[in-house]
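**Q** I am attaching a structure below and will ask some questions about it afterwards.
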Amino acid sequence: MKSMLSIGILVAVIILAVGCATNPNRIKIPKDATKMDVDFSWEGIKACTHESPEIRVSNVPDGTEELRVKLKDIDVPAWNHGGGRVRHDGSGIIPAGALNIGYNGPCPPDGRHKYEFSVMAVNTEGVIIGFGKDRQSFPPKK
Numbered sequence: 105m106k107s108m109l110s111i112g113i114l115v116a117v118i119i120l121a122v123g124c125a126t127n128p129n130r131i132k133i134p135k136d137a138t139k140m141d142v143d144f145s146w147e148g149i150k151a152c153t154h155e156s157p158e159i160r161v162s163n164v165p166d167g168t169e170e171l172r173v174k175l176k177d178i179d180v181p182a183w184n185h186g187g188g189r190v191r192h193d194g195s196g197i198i199p200a201g202a203l204n205i206g207y208n209g210p211c212p213p214d215g216r217h218k219y220e221f222s223v224m225a226v227n228t229e230g231v232i233i234g235f236g237k238d239r240q241s242f243p244p245k246k
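Quick note on my numbering: the sequence shown kicks off at 105 and runs consecutively.
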């Protein structure tokens, strides 16, 4: 009976490992993608809202049609905070409130969590040509 339990646990671990390694939702950033600088602040953003902060992006490559943004809770990475797509206007600024595809702002259940915005520059063919990210804790230190 003990060996059956051990075999069952081993099989479960293998299944989980294979499942995690072949995540179809994982975004692959090309090695030749331009490294962009991303900056944002949580100042003025309330917890558990759908209001995104202003995000500043520099070194956006020529040929960028849109900027795709995702928010991730580093402390609870399985929680999907969504993001959005913004047409690139050349300013390098994603305006506050612009994220709209199921965007859920920071909502740490306890204390402070670290959150990361990832920004991808995409050309007219839908190819990722630039990538950058920034992390900040929420709520911000006062």
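Don't be surprised by glycine CBs; every beta carbon is placed ideally from N, CA and C. Since the structure is predicted, the reported quantities are computational estimates derived from the model, not experimental observations.
#1: Could you have a look at V122 and say whether DSSP puts it in helix, strand or coil?
#2: Using a 10 Å radius around the Cβ and a threshold of 16 neighbouring Cβ atoms, would you call V180 buried or exposed?
#3: Quick one, which of P165, H154 and R216 has its alpha-carbon nearest K139's?
#4: Could you have a look at N127 and say whether DSSP puts it in helix, strand or coil?
#5: Exposed or buried, which one is H192 when buried takes at least 16 other CB atoms within 10 Å?
#6: Going by DSSP, which residues form a beta bridge with S241?
#7: So, using beta-carbon positions, are F242 and W146 closer together than 8 angstroms?
#8: Leaving out five residues before and five after E229 in sequence, what residues of the same chain have Cβ atoms less than 7 angstroms from its Cβ?
#9: Taking DSSP's pairing of strands, which residues face M224 in a bridge?
#10: Would F54 and I159 qualify as a contact pair, given that the criterion is a beta-carbon distance under 8 angstroms?
#11: Are the C-beta of P157 and some C-beta of chain C separated by less than 8 angstroms?
**A** According to the data block:
#1: Locating residue 122 in the sequence shown gives position 18, counting from the first residue. Note on V122: pLDDT 44, under 50, position unreliable in the model; the coordinate value appears next. Shown here, V122 sits in a helix according to DSSP, grouped into three states.
#2: What you label residue 180 is simply residue 76 of the sequence shown in a count that begins at 1. With fewer than 16 Cβ atoms within 10 Å of its Cβ, V180 is classed as exposed.
#3: The residue given as residue 139 occupies position 35 in the sequence shown. For the residues P165, H154 and R216, the minimum Cα distance to K139 belongs to P165.
#4: The sequence position of residue 127 within the sequence shown is 23, counting from 1. Its pLDDT being 47, under 50, N127 is placed unreliably by the model, and nothing is read from it.
#5: Your numbering for residue 192 matches position 88 in the sequence shown. Label assigned to H192: buried.
#6: On the sequence shown, position 137 is the one that residue 241 refers to. K218.
#7: Residue numbering aside, residue 242 sits at position 138 when the sequence shown is read from its first letter. Residue numbering aside, residue 146 sits at position 42 when the sequence shown is read from its first letter. In this structure, W146 lies closer than 8 angstroms to F242 by Cβ.
#8: Stepping through the sequence shown from its first residue, residue 229 is reached at position 125. So no residue of the chain qualifies.
#9: Position 120 of the sequence shown, counting from 1, holds the residue named residue 224. DSSP, once it has assigned bridges, lists R172 and F235 as partnering M224.
#10: Nothing about residue 54 can be reported from this structure: the residues present for the chain run from 105 to 246 only.
#11: In the displayed structure, chain C is absent; only one protein chain is listed.
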